[in-house]
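Okay, structure first, notes after.
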Amino acid sequence: MKKLLSLLLLVGTIFYLPNAAAQQSQDFGEYVVHYNALNTNLIPPAVAQGYNIKRSPNRALLNITILKKVMDTPGTPVKAGVTASGTNLTGQRRDIEIRQITDQEGAIYYIGELPVHNMETYNFLVQVAVDGEDEPMMVKFRQQFYTE
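Counted the way our numbering counts, the sequence shown spans residues 93 to 240.
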């Protein structure tokens, strides 16, 4: 129960902080990919500790969720192979190690961390490969981080 509460706090922090991380999504026919990035110091300490996330204003968390569209529901979580990279405006590319978190209710999240500096902007490239689908889904987005 404690772990479920921690996960709910993590999800709430990631998806509902209005100015910290704008919720974004991209539609791919049968699937919707939700994505965002935020400074890890915005995550409550207990949640960060529970999921081995290093809290720091100089670290960012990338969060990806894939939902299969199901009529009259918010969608069904889908397992996928997820890879991600971020390139800052000086051309420095960072591959982001992604790990899967699955809660007791069946929600699936893919998260990864990377170092950031004040006012640094990253162009993210996320590739999502759902089992049984021929083509991977590609998501590109830009995020600026503030550490001060």
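C-beta: ideal position from N, C-alpha, C; glycine also.
| Asked | Found |
| --- | --- |
| Residue 180 (DSSP reduced to helix, strand or coil) | strand |
| Burial state of residue 249, where buried means 16 or more other Cβ atoms lie within 10 Å | Residue 249 lies beyond the range of the chain shown here (93 to 240); nothing can be said about it. |
| Helix, strand or coil at residue 174 according to DSSP, with G and I counted as helix | strand |
| Pair within 8 Å by beta-carbon distance, residue 200 and residue 161 | no |
| Residues near residue 211 in its chain [Cβ-Cβ closer than 7 Å; skip 5 each side] | 236 and 238 |
| Option in 139, 209 and 130 with minimal Cα separation from residue 193 | 139 |
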